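Asks: Below is one structure. I have some questions about it.
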Amino acid sequence: MFIDEAVIVVKAGRGGSGCVSMRREKYVPHGGPDGGDGGDGGSVYLQAAAGVDTLLDMVGRHHWSAEDGNAGQGKKKAGRDGLDLTIRVPPGTLVYDNQTGLLLADMIPAGRQVCIAKGGRGGYGNYHFTTSIRQAPDFAQPGLPGETRELKFQLRLIADIGLIGKPNAGKSTLLSRLSAARPKIADYPFTTLVPQLGIAELDMERRLVLADIPGLIGGASDGAGLGLEFLRHIERTRILVHLLDILPLDGQSPSDAYQAIRKELFNYSPKLAAKPEILVANKMDLTGAAEALADLRQAMPGRQIYAISAVAGTGLRPLLEALWTAADKSPGGEVFVDQPIPVEPPPADVHTLSRADASAVEPDPDDQALLDEIRAMQADDIRKGRFYRRGKK
Ligand SMILES: Nc1nc2c(ncn2[C@@H]2O[C@H](COP(=O)(O)OP(=O)(O)OP(=O)(O)O)[C@@H](O)[C@H]2O)c(=O)[nH]1
Ligand SMILES: [Mg+2]
536 MFIDEAVIVV KAGRGGSGCV SMRREKYVPH GGPDGGDGGD GGSVYLQAAA
586 GVDTLLDMVG RHHWSAEDGN AGQGKKKAGR DGLDLTIRVP PGTLVYDNQT
636 GLLLADMIPA GRQVCIAKGG RGGYGNYHFT TSIRQAPDFA QPGLPGETRE
686 LKFQLRLIAD IGLIGKPNAG KSTLLSRLSA ARPKIADYPF TTLVPQLGIA
736 ELDMERRLVL ADIPGLIGGA SDGAGLGLEF LRHIERTRIL VHLLDILPLD
786 GQSPSDAYQA IRKELFNYSP KLAAKPEILV ANKMDLTGAA EALADLRQAM
836 PGRQIYAISA VAGTGLRPLL EALWTAADKS PGGEVFVDQP IPVEPPPADV
886 HTLSRADASA VEPDPDDQAL LDEIRAMQAD DIRKGRFYRR GKK
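Position 364 (the sequence shown) corresponds to 899 in our numbering; numbering is contiguous.
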């Protein structure tokens with residue numbers, strides 16, 4: 536199933552708590568504090584994976600969490616870091632923060648990996664807090680919570696060429712002729728309900744990715760037919776192929792059909808309408824097609840029109856070469872500029888300590904100095920970029 540929009544919640548792991556422990560060993564008096572640090576929480580990554588072409592996975596599952604870090608232990612044993620979680624998405628997925636609407640990442644090219652929610656840092660164990668006058672600290676630091684985000688994914692397929700035209704023009708037939716794709720083909724309008732990709736191979740070195748989208752009709756910008764939402768899948772293409780049924784059953788002249796669709800394209804996005812466009816007259820095998828083509832050429836003087844029959848396979852080679860030349864000249868598909876992923880400020884309770892003895896919450900004269908000390912440690916961490924990912928690259 537083709538799914539091109541989804542909302543999920545990602546949650547990075549919480550850091551493990553630091554441990555409060557005193558070394559106790561035979562013949563070692565005054566063993567001192569030896570509580571280890573908590574492990575860092577796992578982070579959530581997104582990866583543009585070449586083999587994935589739908590957001591179907593995201594629809595069945597709303598919450599995606601990375602593992603929490605483990606708590607530290609005695610003998611200065613650090614807790615294990617939580618495992619990261621990697622979510623595979625189709626290349627070309629736009630990732631938005633669903634709450635702010637901010638575009639966080641454009642997942643191209645394939646292979647790109649982005650950290651979308653950082654795991655919380657593990658807390659320091661009590662042995663970090665010894666000073667000359669406080670030799671047995673009875674507290675440690677709790678782990679920090681991981682980041683949580685609500686993400687909205689929106690897929691925009693990546694193709695060189697977008698096939699547009701009225702329903703029944705033969706777009707899917709052309710795609711099946713030029714590539715190994717086997718889209719559904721039938722003699723009724725709106726056979727194609729979701730976009731399809733196919734790869735046309737001109738020779739060993741030259742390939743073009745084609746996108747076949749549902750047919751467009753006049754009034755689509757007001758929701759007629761399947762509307763215009765599928766047009767976003769051809770926003771990144773280099774060129775458009777406008778396919779015209781040379782003898783349409785509804786009797787509308789091909790040049791009127793052309794104008795109606797151009798208007799819809801422009802309504803949707805003037806930028807999309809401004810893409811280079813190649814005009815193709817299809818179904819040239821039908822009787823009367825030659826005359827109709829002559830009429831069309833007259834109605835659109837100065838426009839080059841490629842005449843083909845997708846069913847019979849005639850005229851396809853010159854068309855492919857023209858597509859290649861035009862695609863080669865046209866700049867690559869649009870890449871959206873990512874915003875820097877905002878770093879969540881540490882929560883307000885970051886400085887609170889977990890006391891081993893809950894009754895000992897009486898403010899200690901030392902407390903202020905201690906908090907200052909911890910703040911300095913944390914500021915140092917942040918400065919060195921270790922705030923969330925201590926000990927890891
Ligand atoms: N005679 C003839 N018929 C064709 C040709 N190309 C397509 N057809 C027929 O036209 C009908 C529609 O073809 P499709 O490829 O499904 O058309 P489409 O543009 O993908 O249509 P939608 O998916 O509904 O937008 C089918 O019955 C095809 O067999 C052609 O070159 N010649
Ligand atoms: Mg179709």
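Heads up, the beta-carbon is just placed ideally off N, CA and C, and yes, glycines get one too. All values reported here derive from a predicted model rather than from experimental measurement.
Let's see if you can read the secondary structure: which residues bound the alpha helix (DSSP H) around A816?
Replies: Counted from its first residue, the sequence shown places residue 816 at position 281. A816 -> not in any alpha helix (DSSP H); beta strand (DSSP E) instead, spanning E812 to N817.
Asks: Could you name the residues of the same chain whose beta carbon sits closer than 6 Å to that of A547, not counting the 5 residues immediately before and after it, in chain order?
Replies: Walking along the sequence shown from the start, residue 547 turns up at place 12. Correct list, in chain order: G576, S578, V579, A601, A652, K653, G654, G681 and E682.
Asks: Expressed to the nearest angstrom, what Euclidean distance is found between the alpha-carbon atoms of D747 and R549?
Replies: Here the question's residue 747 lines up with position 212 in the sequence shown. Here the question's residue 549 lines up with position 14 in the sequence shown. Using only the alpha carbons, I get a separation of about 45 Å.
Asks: Could you check if R925 is buried or exposed, using at least 16 other CB atoms within 10 Å of its CB as the buried criterion?
Replies: Residue 925 sits at position 390 when you count from the first residue of the sequence shown. Note that R925 has pLDDT 41, beneath the 50 cutoff, so the model's placement of it is unreliable and the number below is only indicative. In this structure R925 is buried. Its beta-carbon is surrounded by 16 or more other beta-carbon atoms within 10 angstroms.
Asks: Determine, using beta carbons only, whether Y659 and Q648 come nearer to each other than 7 Å.
Replies: The residue you call residue 659 lines up with position 124 of the sequence shown. The residue you call residue 648 lines up with position 113 of the sequence shown. Taking 7 Å as the Cβ cut-off, Y659 and Q648 do not qualify as a contacting pair.
Asks: Give, in chain order, every unbroken run of the alpha helix (DSSP H) that is at least 4 residues long and sits entirely within the segment 614–678.
Replies: Unbroken alpha helix (DSSP H) stretches of 4 residues or longer found wholly inside the segment 614–678: none.
Asks: Let me check you understand the geometry: is the CB of S707 closer than 6 Å to at least one non-hydrogen atom of ligand 2?
Replies: The residue labelled residue 707 in the question sits at position 172 within the sequence shown. Correct: S707 has its Cβ closer than 6 Å to ligand 2.
Asks: Go through the segment 730–771 residue by residue and report every complete run of the beta strand (DSSP E) that reaches 3 residues or more, in order.
Replies: 731–736 and 742–747
Asks: According to DSSP, is Y580 helix, strand or coil?
Replies: Counting from one through the sequence shown, the residue named residue 580 turns up at place 45. Correct three-state label for Y580: strand.
Asks: Please list, in chain order, all residues of the same chain as D915 whose beta carbon is under 6 Å from its beta carbon, the five residues on each side excluded.
Replies: The residue labelled residue 915 in the question sits at position 380 within the sequence shown. Cβ neighbours of D915 beyond the five flanking positions: none.
Asks: Exposed or buried, V545, counting other C-beta atoms within 10 Å across all chains shown (16 or more means buried)?
Replies: Start at 1 with the first residue of the sequence shown, and residue 545 comes out as number 10. By the 10 Å Cβ count, V545 comes out buried.
Asks: Using beta-carbon positions only, say whether G657 and D572 come within less than 7 Å of one another.
Replies: Translated into positions along the sequence shown, residue 657 becomes position 122. Translated into positions along the sequence shown, residue 572 becomes position 37. Contact annotation: G657 and D572 have beta-carbon atoms nearer than 7 Å.
Asks: Can you list, in chain order, the residues of its chain with a C-beta nearer than 6 Å to that of R767? Leave out the 5 residues immediately preceding and following it.
Replies: Translated into positions along the sequence shown, residue 767 becomes position 232. If you ignore the 5 residues before and after R767, its C-beta comes within less than 6 Å of the C-beta of R691, all in its own chain and listed in chain order.
Asks: Tell me whether A845 counts as near ligand 1, meaning its Cβ is closer than 6 Å to at least one heavy atom of that ligand.
Replies: Walking along the sequence shown from the start, residue 845 turns up at place 310. Because some heavy atom of ligand 1 lies under 6 Å away, the Cβ of A845 counts as near it: yes.
Asks: Using 8 Å as the threshold, is the segment 743–761 in touch with the segment 721–732, meaning 3 or more CB pairs across them?
Replies: Touching, per the Cβ criterion.
Asks: For G529, write down the residues that DSSP places opposite it in a beta bridge.
Replies: Because residue 529 is not part of the residues shown, which for the chain are 536 to 928, the question remains open.
Asks: Assuming A847 contacts L828 under a Cβ cut-off of 8 Å, what Cβ separation, rounded to an integer in Å, is found between them?
Replies: For the purposes of this step, residue 847 is taken as the residue at position 312 of the sequence shown. For the purposes of this step, residue 828 is taken as the residue at position 293 of the sequence shown. A847 to L828, Cβ: 15 Å. No contact.
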